[in-house]
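Okay, so here's the structure we're looking at.
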Amino acid sequence: MTEKTPEVTPAEAQEIEVVGHYVKVVLADEVLEIVPPGAWRQSWQRKLKAGDMDEFLEDVLSPDSYELYLDLDPTNDDIGEMLNTAGEVAGESVGKSSGPRPSSRSTRKR
Numbered sequence: 003m004t005e006k007t008p009e010v011t012p013a014e015a016q017e018i019e020v021v022g023h024y025v026k027v028v029l030a031d032e033v034l035e036i037v038p039p040g041a042w043r044q045s046w047q048r049k050l051k052a053g054d055m056d057e058f059l060e061d062v063l064s065p066d067s068y069e070l071y072l073d074l075d076p077t078n079d080d081i082g083e084m085l086n087t088a089g090e091v092a093g094e095s096v097g098k099s100s101g102p103r104p105s106s107r108s109t110r111k112r
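Taking our numbering, the leading residue of the sequence shown gets 3, the next gets one more, and so forth.
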């Protein structure tokens with residue numbers, strides 16, 4: 003069961019990024035510290051996209067939280083929920099992009 007952490011304002015989220023602090027999230031009833039999603043490096047994102055969760059989480063979790071993550075051995079659903087919560091807490095979205103919106107102008111047919 004996860005408990006909801008209070009959301010922060012966009013200004014507070016930017017301050018968290020600049021200072022380099024972690025936000026707190028719950029994973030398998032344990033509190034972990036994670037870098038806010040807006041501060042994730044592109045190299046970290048590539049590890050996530052490649053499915054290398056251990057390497058990715060080693061980059062984004064605090065050292066103590068990473069060790070706890072290894073001990074917990076969570077499910078993929080638990081990890082997904084934790085990452086989404088990190089985005090919510092930091093005032094950012096971590097979910098998939100809906101992609102570009104179609105143009106409101108019609109295309110001329112030939």
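The C-beta atom is built at its ideal place from N, Cα and C for all residues, glycine as well.
All values derive from a computational prediction rather than experimental measurement.
Does residue i pass the burial test, meaning 16 or more other C-beta atoms within 10 Å, or should it be called exposed?
i	result
LYS51	exposed
PRO39	buried
GLU69	exposed
LEU72	exposed
SER67	buried
VAL27	buried
VAL33	exposed
GLY82	exposed
GLY53	exposed
List the residues that DSSP assigns as beta-bridge partners of residue i.
i	result
GLU32	LEU29
LEU63	ILE36
Residues in the same chain with beta-carbon distance under 6 Å from residue i, minus the five sequence neighbours each way, listed in chain order, please.
i	result
LYS49	GLU57, PHE58
ASP31	none
Is residue i near residue j, with beta carbons less than 8 Å apart?
i	j	result
LEU74	ILE36	no
LEU29	PRO65	no
Using a Cβ-Cβ distance cut-off of 8 Å, determine whether residue i contacts chain D.
i	result
PHE58	No chain D appears in this structure, which consists of one protein chain only.
Going along the chain, which residues of its own chain have a beta-carbon closer than 8 Å to the beta-carbon of residue i, five neighbours each way excluded?
i	result
ARG43	ASP61
Excluding the 5 residues preceding and the 5 following residue i in the sequence, name in chain order all residues of the same chain whose CB lies nearer than 7 Å to its CB.
i	result
MET55	ILE81
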